[in-house]
Amino acid sequence: MRLGVLDVGSNTVHLLLVDAHHGAHPWAAHSEKVVLRLAEQLGPDGALTRAGADALVEAVGAARASATALAADDLLAFATSAVRDATNAAEVLTRVREETGVRLEVLSGADEARATFLAVRRWFGWSAGRLLAMDIGGGSLELAAGIDEDPEVAVSLPLGAGRLSRDRLHVDPSGLTPPTAEAVEELREYVDAQLDPVVEKLAGVGWERPVATSKTFRTLARLTGAAPSSAGLWARRSLTRTGLRQVLGFVRHIPPAQLPELEGVSAGRAHQLLAGAVVAEAVLRRLDVPAVDICPWALREGVILRRLDQLEPM
Numbered sequence: 001m002r003l004g005v006l007d008v009g010s011n012t013v014h015l016l017l018v019d020a021h022h023g024a025h026p027w028a029a030h031s032e033k034v035v036l037r038l039a040e041q042l043g044p045d046g047a048l049t050r051a052g053a054d055a056l057v058e059a060v061g062a063a064r065a066s067a068t069a070l071a072a073d074d075l076l077a078f079a080t081s082a083v084r085d086a087t088n089a090a091e092v093l094t095r096v097r098e099e100t101g102v103r104l105e106v107l108s109g110a111d112e113a114r115a116t117f118l119a120v121r122r123w124f125g126w127s128a129g130r131l132l133a134m135d136i137g138g139g140s141l142e143l144a145a146g147i148d149e150d151p152e153v154a155v156s157l158p159l160g161a162g163r164l165s166r167d168r169l170h171v172d173p174s175g176l177t178p179p180t181a182e183a184v185e186e187l188r189e190y191v192d193a194q195l196d197p198v199v200e201k202l203a204g205v206g207w208e209r210p211v212a213t214s215k216t217f218r219t220l221a222r223l224t225g226a227a228p229s230s231a232g233l234w235a236r237r238s239l240t241r242t243g244l245r246q247v248l249g250f251v252r253h254i255p256p257a258q259l260p261e262l263e264g265v266s267a268g269r270a271h272q273l274l275a276g277a278v279v280a281e282a283v284l285r286r287l288d289v290p291a292v293d294i295c296p297w298a299l300r301e302g303v304i305l306r307r308l309d310q311l312e313p314m
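According to UniProt numbering, the sequence shown is numbered sequentially starting from 1.
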């Protein structure tokens, strides 16, 4: 079957079509995305702005048209942190459904962490032992750990790179000035405080293999010398805590507008890189993780795998 997954994230609206069947490796047939940065379009009252809602409706409508044109047998549509946290989420979801015909399921933070963990488990297999999975998105940070396909601990924290860039670092819209040293230090202290309640819980579960997913971790790994995306899906990639500290040490002094000049940094996410690096460093430091493997599968693949598990074997 051809299965479509529409991921309304805090940074992008991403449509992924895969050809797969029960028990088979899902192979990507088509991918398209549009950058909306919904996490940065929440007003002072916590509501998604009119412009943000208009852009969301347009993007979802275009994605549905693509899925139909490419003969998707099923379309799974879900939204994560930005929509979940919006005070007008119900209104926005109703408008999306009425104007596009797409019913968005809002995933809880814990469900995000569980689905991502499932993808990581399937990618690395049972030989990986106990897994620790971490994912930095635009609006939230997901952490999960366990030995099975369903983690023993799955948590979500409001530590997304987009959210923190806007609310804590107050990144200069022009991108010409890096955040102050005081803002970076205050962010580090805030992230540490948010991690306090979950560090002991995760350590109690334990792990043999720590793994990171998401664009933020992939970019940070690339900046420390990991293989580029052109090396393919199967290239082994990792990120060390030492390398991460070095990256954090220099990107904090570079204006956001200049960050896309670095290898692997996209213009659309450059302004979020520093906040993402602060969160990544704090997680590895607080959990005493010297290095993580980078997994190419994450939330979307987890949702796909869960849906395929529900299909009757042919």
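Here a beta-carbon is modelled for each residue, glycine too, at the ideal position from N, C-alpha and C. Predicted, not measured: the structure shown is a model, and the values here were computed from it.
Boundaries for S140: no beta strand (DSSP E) harbours it, and the DSSP string shows neither H nor E there. W234 and D45 have their alpha carbons spaced roughly 44 Å apart. As for any beta strand (DSSP E) of minimum length 3 sitting wholly inside the segment 147-194, the runs are 153-157, ordered along the chain. Annotation: L107 to G249 spans about 35 Å, alpha carbon to alpha carbon. Restricted to the segment 221-274, the alpha helix (DSSP H) segments that are unbroken, complete and at least 4 residues in length are 241-251, listed in chain order. Within the same chain, I136, A161, T216 come within 6 Å of G276 by CB-CB distance, once the 5 residues on both sides are set aside.
According to the DSSP assignment, L299 belongs to the alpha helix (DSSP H) that extends over 299-309.
Cβ neighbours of P210 within its own chain (closer than 7 Å, five residues either side excluded): L132, V289, V292.
Shown here for R306: same chain residues with a beta carbon closer than 7 Å to its own, the five before and five after excluded, namely A115, L118 in chain order.
In the DSSP assignment, no residue is bridged to E58. A buried status is given to R300, since no fewer than 16 other beta-carbon atoms sit within 10 Å of its beta-carbon. A113 is positioned such that its CB atom lies no closer than 7 Å to that of A82. The three-state secondary structure of S31, taken from DSSP, is strand. Pairing E263 with E98, the inter-Cα distance amounts to about 42 Å.
Excluding sequence positions up to five before and after L244, its CB lies within less than 8 Å of the CB of L220, T224, A277, A280, E281, L284, all in the same chain and listed in chain order. Contact check between the segment 25-32 and the segment 142-155: fewer than three CB pairs, one atom from each, fall below 8 Å, which does not count as touching. Using a Cβ distance threshold of 7 Å, D74 and L3 count as a contacting pair. Ranking G175, L70, A227 by CA distance to the CA of G268 puts G175 first. Per DSSP, the beta-bridge partners of T213 are D135.
For T80, there is no enclosing beta strand (DSSP E), since its DSSP letter is neither H nor E. A straight-line Cα-Cα distance of about 8 Å links G9 and F78. A straight line joining the alpha-carbon of L187 with that of E200 spans about 21 Å. Contact annotation: T100 and V155 have beta-carbon atoms that are not nearer than 7 Å.
Note: V292 is bridge-paired with L239 in the DSSP secondary-structure output.
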